[in-house]
Amino acid sequence: MDEKVNPKRADDKSPGKLVKPSRAEAEAAIRTLIRWAGDDPDREGLRATPARVARAYEEWFAGYNDDPSEYLKRTFEETGGYDEIVVLRDIRFESHCEHHMAPIIGKVHIGYLPRNRVVGISKLARLVDGFARRLQIQEKMTAEIASCLDAVLKPHGVAVVAEATHQCMTTRGVHKPGVTMVTSRMLGVFRDRAETRQEFLAAIGMRGGISVTDGSS
Ligand SMILES: [Zn+2]
Numbered sequence: 008m009d010e011k012v013n014p015k016r017a018d019d020k021s022p023g024k025l026v027k028p029s030r031a032e033a034e035a036a037i038r039t040l041i042r043w044a045g046d047d048p049d050r051e052g053l054r055a056t057p058a059r060v061a062r063a064y065e066e067w068f069a070g071y072n073d074d075p076s077e078y079l080k081r082t083f084e085e086t087g088g089y090d091e092i093v094v095l096r097d098i099r100f101e102s103h104c105e106h107h108m109a110p111i112i113g114k115v116h117i118g119y120l121p122r123n124r125v126v127g128i129s130k131l132a133r134l135v136d137g138f139a140r141r142l143q144i145q146e147k148m149t150a151e152i153a154s155c156l157d158a159v160l161k162p163h164g165v166a167v168v169a170e171a172t173h174q175c176m177t178t179r180g181v182h183k184p185g186v187t188m189v190t191s192r193m194l195g196v197f198r199d200r201a202e203t204r205q206e207f208l209a210a211i212g213m214r215g216g217i218s219v220t221d222g223s224s
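In the numbering used here, each residue's number is its place in the sequence shown (first place is 1) plus 7.
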C-alpha cells in the first residue's frame with residue numbers, strides 16, 4: 008500500500024494545520040466503516056473497496072490542494088473596454104456536506120461587473136471546483152466563491168447563486184426528494200442596485216425568485 012504522506016501537509020507544522028494520515032490509515036478507517044455498516048471487508052467484492060474509496064476521496068476533496076485565489080491572480084485578462092455584466096450560468100458542481108459527508112449536487116451561477124479584469128469560463132469553473140471539492144455547507148461555498156472573485160478581480164460587483172440537492176436530505180433523515188436549496192451572495196452593485204441584480208437574476212432565469220442575502224461581512 009502507498010504509505011506516502013502528502014509532503015506539503017505533513018511538513019506543515021503551523022498551528023491549526025492537521026497532519027494528513029497515510030493512505031494505509033485511511034483505508035483502515037474505511038474497513039472499519041464497512042464493518043460498522045454490517046459487512047465483511049474481507050469478502051471478495053469488498054476487498055479492493057478501501058483502496059477505491061481512498062482514491063475517490065482524493066478526487067472529491069481535491070479542493071484542499073487548491074488555492075483558487077492564487078490561481079485567479081495569475082489568469083485574469085484586461086477587459087478591453089467591456090463594461091456590461093458577465094454571467095456564467097449552470098456551472099455544475101459536486102460537493103459533500105460537512106454534516107453527513109453526503110453529496111451535494113447542483114449548479115452555480117456567477118455574475119460580475121468587471122472593472123478592468125475578466126477571467127475565462129474555464130477559470131470560473133475551476134474556481135467553483137476549488138471550493139466545492141471540500142467538506143462544505145452550501146451557504147459557505149456560495150460566499151467563498153463570491154469573496155474570492157471579489158478580492159482578486161476587484162470588480163464593481165459579484166453575484167453568486169447556487170442551487171443544489173443535498174443527498175443527506177433526499178436519501179436519509181427527512182427523505183424529501185426534489186427539494187432544492189438555493190443560496191446567494193450579492194456584493195457591490197449587485198447588492199446596492201436592484202436593476203443590476205434583476206438583470207443578473209433574469210439572465211439565470213430567476214427574476215425576483217430569490218431573496219437576497221446581505222453581502223456585508
Ligand atoms: Zn448533510
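Note that the Cβ used here is the ideal one computed from N, Cα and C, for glycine as well.
| query | result |
| --- | --- |
| Alanine 109, enclosing alpha helix (DSSP H) - first and last residue | Per DSSP, alanine 109 belongs to no alpha helix (DSSP H) and is neither H nor E. |
| Own chain residues within Cβ distance below 8 Å of threonine 149, not counting five before or after | Val115, Val167, Val168, Ala169, Thr190, Ser191 and Arg192 |
| Residue span of the beta strand (DSSP E) that contains methionine 188, given as start and end | 188-195 |
| Cβ neighbours of proline 142 in the same chain (closer than 6 Å, five flanking residues each side left out) | In the sequence under discussion, the amino acid at residue 142 is leucine, which differs from the proline named in the question. His103 and Glu105, listed in sequence order. |
| Contact the region 202-211 vs the region 173-183: 3+ CB pairs below 8 Å | no |
| Within the region 120-175, ranges of the beta strand (DSSP E) (whole runs, at least 3 residues) | 164-173 |
| Rounded distance between the beta-carbons of valine 165 and proline 121, thought under 8 Å | Rounded, the Cβ-Cβ distance is 10 Å, inconsistent with contact. |
| Outcome for methionine 176 when other beta-carbon atoms lying within 10 angstroms are tallied against a minimum of 16 | buried |
| Neighbourhood of aspartate 199 by C-beta, 8 Å cutoff - its chain only, sequence neighbours within 5 removed | Gly164 |
| Arginine 200: first and last residue of the uninterrupted alpha helix (DSSP H) it sits in | First-last for arginine 200: undefined, no H or E at that position. |
| Opening and closing residue of the alpha helix (DSSP H) in which alanine 35 lies | 30-44 |
| DSSP state of glycine 118 mapped onto helix, strand, coil | strand |
| Outcome for threonine 39 when other beta-carbon atoms lying within 10 angstroms are tallied against a minimum of 16 | exposed |
| Of the listed residues Thr172, Asn72 and Lys147, nearest to arginine 133 (C-alpha basis) | Asn72 |
| beta-carbon alanine 109 near ligand 1 non-hydrogen atom, thresh 7 Å | yes |
| Ligand 1 heavy atom lying under 7 Å from the CB of histidine 173 | yes |
| Proximity below 8 Å, CB of valine 125 to CB of tyrosine 89 | yes |
| Check whether isoleucine 152 and phenylalanine 138 have beta carbons under 8 Å apart | yes |
| Boundaries (first-last residue) of the alpha helix (DSSP H) holding arginine 81 | 75-82 |
| Nearest residue (CA-CA) to leucine 194, options Thr86, Tyr64 and Thr203 | Thr203 |
| Any non-hydrogen atom of ligand 1 within 7 Å of histidine 231 CB | Any answer about residue 231 is impossible in this case: the structure gives the chain only from 8 up to 224. |
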